[in-house]
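With mature numbering (1 follows the signal peptide of the UniProt record, and there is no 0) applied, the sequence shown covers -21 to -1, 1 to 717. For every residue, glycine included, the Cβ atom is placed at its ideal position computed from N, Cα and C.
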Amino acid sequence: MGSGKELIILGLMCLLWKCFSACDDGYSRKGKNCEDINECDDEPRPCGNHSKCYNSPGSYYCQCVHGFENEKFNFTAFDKRCQGQCVYKNECTYNNKICGQYGTCKNLFGSYECTCHSGYTNTNNTHQPCIDINECEEVKKREDLCGKEGTCKNINGSYVCECPKGYTNYGNERAPCSQLDCKDFQVDSGSAQSLEGLADILTMMRSSCLALSDPHAAVEGKTNGVALLEKLLTATDAILPPGHLIHSEDVGGLLQVVEDSIRLIGPQLKENITKMETSETEAAIAIQKGKTPPTGPIHLTNENARLDTDWATAAGTGTYPGFALAALLTYKNLEQSVNNSFEELKGLEKEGVNSTYIKINSKVVSVVVSNPSTESLSHPVIITLTNLNKTAEPFEAKYICAYWKDTGVWSRDGCSQLGSNDTHTVCECKHLSSFAVLMALYPMEHPFELVLITKLGLTISLLCLVLCILTFKFCRSIQGTRTTIHLHLCICLFVADIVFLAGISQTKPVGGCRFVAAMLHLFFLGAFTWMLLEGVQLYRMVVLVFNATIRPLYLFIAGYGTPLVIVIISAIIRPKSYGNEKYCWLSLEDGLIWSFFGPVCFIIFANVFFFIITVWKLAQKFTSLNPDLCELNKIKAFTVTAIAQMCILGLMWVFGAFLFQEGTIVAAYIFTILNSLQGALIFVMHCLLSKQVREEYAYFLSCICTPKKKYADLSSTNPSSSQSQGSQSGQHTGESQI
């Protein structure tokens, strides 16, 4: 009984202890106190992925991180409806106005980003809606946008620049206003008055300029750059054909007007690259527009030229007008009108070149940029031009890069040649203008061997001709018609060789060169004429055995009169064709050379005819019953020497026909050698091979080398002997036995 009570008391005591020691849910006892349990520290985490756990007294709750959502804002892992999960949330779809009307929402994983349209901003907070930017708010920025004279006007999402009168932004409302000076297109300039058609261009461009600079002018049509460019090039075509541009001042005026017009038209073009071609011009224009100056290289090409520069050079270092321009304009036939005015090409005289030896060897091109300061560029422009012609013998060429100065002459100041070949020349220039490649022709120095052969050979030939002339003139035993012919043949060759040796390459002065060419024409043609007379004389000796002599007056009229008449007529018809920039000889280009080769060909064919008849008649007489062998052998010898002489002189001028053309070095050697043989051949055939002449030479030498006593003895016998021989040889034909 007593033990039962004790058990009851013990149970009551345990129950009382439990009541006083238990803590609420979410708490745990620590000592005598109950403290909150932080469920967020439990493992595994009670809230799951994409959520954040927050502890609360005796409990906790979960919230989804940004970009994820649950049906309840606060939830626990034991909430059956939410299932303790956070799911992905697309803010851009959930709220389509989250970035505002002028922004674009871009959904990110767990977030989003607002990208503003041009002219709007969200103040660097990508989660904020986009609002309009007031570009005209700051004074400095306003000047940068529209220029100091322009008025900046803010509009929703953008701005416009309003330009006062005298300024323009070339139809680009967001470009700075730049001053437009229409005085460049005044019609009262000197070139406009003298050059037909230039006034029309100036009037057209002035109207366009004034319309651009007037804010109240009608907008329609005034910024159509392509149409204006086409009108400019068409109007320029009417001026450019050869023959229209006579004065250098007119050329300079036209080039300047076209360059100014390109600067006005370029900013009005819409495309980055515009190309246009007409019958006389070819244009390529590059334009870049923007708030900041463009950078990078520029390459413009057409059929005859290439321009290499960069946008920094085109824009310049001054105030940026909102655009940069570079243009390459090629004139297809202008080189024919400006192939002169080489007075300022300094230094070439020291190199052996004068203005006569210079000609344009490319198309004329103009390079235009928007940079107003092009007198001294920080980076040179590179211009590659196509050569029109190759170098022709007998010249070597130096290619010169030149530009057209305002004074109406070509100059190479500031331009240099980087390289050249047969097809192209590359120029580097530190300023901009109109450019061309000039070809300076240097007389090509002949090989030393050819010069030596020419001088030595002609010297020997001249000495032989002098001996022949003295022999034919003073040797009395051989006087006759053929001797007279030989005398004047030698005189013609002697004068021609002297003039050839001294003056063939002396092209200055022009009058002197023409005189040399006329003298060569006269005396070389005279040599052929006397050779024809020799053929006629041989024919007469065979056919007309008796009375075969010809009166000297008739010989002189035919031998000198005929060539003189031909030369006079040629000089009257084409005086400028005597002498050229290469040699003092007849021009090969306009047909005057045939006033020489025509008679030469006729003489050769006539002589061939006479020689055939002579040989045929000789053959008949040799086969006759009673041939005069002595006389026939003499005529036979005459014929052989005449044929040999004709072959040498005729063959020489076969190669002479090619002497002044390209690639003629071999012909020059052969012509020189044959020309050198002329005098020596005549001296050998008509002097050394003649017994009578040899006897005269022996007699002459004996007079010099023998004492006076012996000379007196010889003088009593030799003259009579010579006279008897001469009378015997000439009693039938009137000819010597040479």
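Problem set entry | Secondary structure, beta strand (DSSP E): runs of 3+ residues fully inside the stretch 342 to 427 | 343 to 348, 360 to 365, 374 to 383, 394 to 399, 403 to 408 and 413 to 422
For this session: Answer yes if the stretch 289 to 296 comes into contact with the stretch 259 to 273, meaning at least three C-beta pairs across the two stretches below 8 angstroms, and no otherwise.
Result: yes
Exercise. Alpha carbon to alpha carbon, what distance is there between Met183 and Tyr146?
Worked result: 19 angstroms
Problem set entry | Span of the beta strand (DSSP E) around Leu219 | Counting along the chain, Leu219 falls outside any beta strand (DSSP E), and DSSP gives it neither H nor E.
For this session: Give me the Cβ distance between Leu468 and Met498, rounded to the nearest whole Å; I'm assuming they're in contact under 8 angstroms.
Result: So it is not a contact: roughly 17 angstroms between Cβ atoms.
For this session: State the DSSP-derived secondary structure class of Ala154, mapped to helix, strand or coil.
Result: coil
Exercise. Any idea what DSSP makes of Asp179, helix, strand or coil?
Worked result: helix
For this session: Find the nearest neighbour of Phe321 within the set Ile379, Ala1, Ser669 and His278, judged by alpha-carbon distance.
Result: Ile379
For this session: Taking the CB atoms as reference points, tell me whether Asn133 and Cys115 lie closer together than 8 angstroms.
Result: yes
Exercise. Quick one, are the C-beta atoms of Leu159 and Cys125 less than 8 angstroms apart?
Worked result: no
For this session: Sort Gly514, Pro488 and Pro276 by Cα distance to Phe588 and report the nearest one.
Result: Gly514
For this session: Using the DSSP secondary-structure output, state which residues sit across from Phe302 in a beta bridge.
Result: Lys268
For this session: Would you verify that the beta carbon of Cys125 is, or is not, closer than 8 angstroms to some beta carbon of chain B?
Result: Here there is only one protein chain, and chain B is not present.
Exercise. Is any heavy atom of the ligand NAD found at a distance shorter than 7 angstroms from the C-beta of Tyr676?
Worked result: Questions concerning the ligand NAD fall outside what the structure shown contains, since it holds no ligand whatsoever.
Problem set entry | Nearest-angstrom Cα separation, counted from Gly204 out to Ile244 | 6 angstroms
Exercise. Based on the DSSP output, what are the partners of Met255 in its beta bridges?
Worked result: Ala262
Problem set entry | Residue from Tyr40, Cys13 and Gly136 whose Cα sits closest to the Cα of Gly82 | Gly136
Exercise. What is the rounded straight-line gap between the Cα of Ile112 and the Cα of Ser97?
Worked result: 9 angstroms
Exercise. According to the Cβ coordinates, are Cys43 and Cys32 closer than 8 angstroms?
Worked result: no
Exercise. First and last residue of the alpha helix (DSSP H) that includes Ala550?
Worked result: Thr541 to Ile552
For this session: Run the CB neighbour count on Asn281, radius 10 Å, all protein chains shown included, and call it buried at 16 or more, exposed below.
Result: buried
Problem set entry | Which listed residue (Ile264, Leu472 and Ser395) has its alpha carbon closest to that of Gly538 | Leu472
Exercise. Three-state secondary structure (DSSP) at His96?
Worked result: coil
Problem set entry | C-beta contact flag for Ala263 and Leu248 at 8 angstroms | no
For this session: Sort Glu70, Gly231, Leu571 and Cys682 by Cα distance to Tyr382 and report the nearest one.
Result: Gly231
Problem set entry | Sheet register partners of Cys32 (DSSP bridge) | Cys41
Exercise. Is it buried or exposed for Phe525, if we count other Cβ within 10 angstroms and need 16 for buried?
Worked result: Caution is warranted here: a pLDDT of 48 is assigned to Phe525, below 50, making its placement in the model unreliable, and the coordinate value is therefore given only provisionally. Its Cβ having fewer than 16 others within 10 Å, Phe525 is exposed.
For this session: Give the straight-line distance between the Cα atoms of Glu92 and Cys109, rounded to the nearest whole angstrom.
Result: 11 angstroms
Problem set entry | Same chain only: Cβ atoms within 8 angstroms of Gly297, ignoring 5 sequence neighbours per side | Asn350, Pro351 and Ser352
Exercise. So, helix, strand or coil for Tyr557, using DSSP?
Worked result: strand
For this session: Could you check the C-alpha separation between Pro531 and Thr463 for me, to the nearest Å?
Result: 8 angstroms
Problem set entry | Residues that Cys13 bridges to, as DSSP identifies them | Arg8
For this session: Whole angstroms is fine: what's the gap from Pro459's alpha carbon to Phe590's?
Result: According to the sequence provided, residue 459 is Gly. The question's Pro does not apply to it. The straight-line gap from Cα to Cα measures roughly 20 angstroms.
Problem set entry | CA-to-CA distance, Cys84 to Thr55, given in whole angstroms | 32 angstroms
For this session: Using alpha carbons as the reference points, say which of Phe479, Ile545, Thr404 and Val347 lies closest to Ile266.
Result: Val347
For this session: Going by CA-CA distance only, name the one from Leu207, Leu567 and Cys563 that's closest to Gln485.
Result: Cys563
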